[in-house]
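Under mature numbering (1 follows the signal peptide of the UniProt record, and there is no 0), the residues of the sequence shown are numbered -18 to -1, 1 to 129, in order. Below is one structure, written out as structure tokens, with a few remarks after it.
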Amino acid sequence: MKKTLIALLLVASLPTQAAKQVSAVNSRSSPYPLPVTKKVCKADFGDRWMLTVDSGYMTCDYPAVMFTTEDGECYSLNLAADNRGHKEIELILQDDPKRADLIEYAMWGFPMKTREEAAQDVGPFYKRIAPLRAAAQKLCKPINHAD
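Spelled out as structure tokens, the structure:
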């Protein structure tokens, strides 16, 4: 009977302990900020704009960095976001105009290759995603509590 009573008391205290842990995780003593979102558009990047959509939202939900289109599709900008199951950003990256030159180069010396075969050999070449990743990563700065 005594063992049963002790076991019941231990089980009864579990929700209280779990609540304390959740409270600690949700407190602002965490070195990481709350998720931050910033709207970006083609005009912000000019000719360097690399996406097939004209605008969207960068989000840092530390450590994951994502881009969300106006219609709500979410794409990963880093491995942490990949691990959360977001779509690959390559799905909405623009082809690099220099790709045509690379296809021509792949065909050079291989007159039997068709343009499509050469394109398969060259593979996808997209515009650089680095400027968008860098801008999104700036949203992910840890909080310095010493300030």
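We put the beta carbon where it would ideally sit given N, CA and C, even for glycine.
Residue range of the unbroken alpha helix (DSSP H) whose run includes residue i
i: F49; result: Unbroken run through F49 is the beta strand (DSSP E), 46 to 51; no alpha helix (DSSP H).
i: R115; result: 112 to 119
i: N65; result: 61 to 65
Minimum C-alpha distance to residue i - residue among the options
i: E72; options: A117, K80, S58; result: S58
i: R66; options: P45, E52, K120; result: P45
i: K80; options: F107, R30, L61; result: F107
i: A62; options: D53, V18, V47; result: V47
i: K21; options: N60, D29, D36; result: D36
Cβ neighbour criterion (16 or more within 10 Å) applied to residue i
i: V7; result: Any reading at V7 is ruled out, since the residue's pLDDT is 43, under 50, leaving its predicted position unreliable.
i: G38; result: buried
i: A118; result: buried
i: A116; result: exposed
i: C23; result: exposed
i: A25; result: exposed
i: L16; result: exposed
Unbroken beta strand (DSSP E) run spanning residue i, endpoints
i: D43; result: 37 to 43
i: residue 152; result: The structure shown does not extend to residue 152, since the chain is modelled only from -18 to 129, so the question has no answer here.
i: C56; result: 56 to 58
Near the ligand NAD: residue i beta-carbon under 6 Å from a heavy atom
i: L73; result: Because no ligand of any kind appears in the structure shown, any question about the ligand NAD cannot be addressed here.
Rounded separation between residue i and residue j - CA only
i: Q76; j: T34; result: 5 Å
i: D64; j: E98; result: 30 Å
i: D78; j: F27; result: 15 Å
i: M40; j: R110; result: 16 Å
Integer-rounded CB distance, given that residue j should sit under 8 Å from residue i
i: C42; j: C122; result: 4 Å
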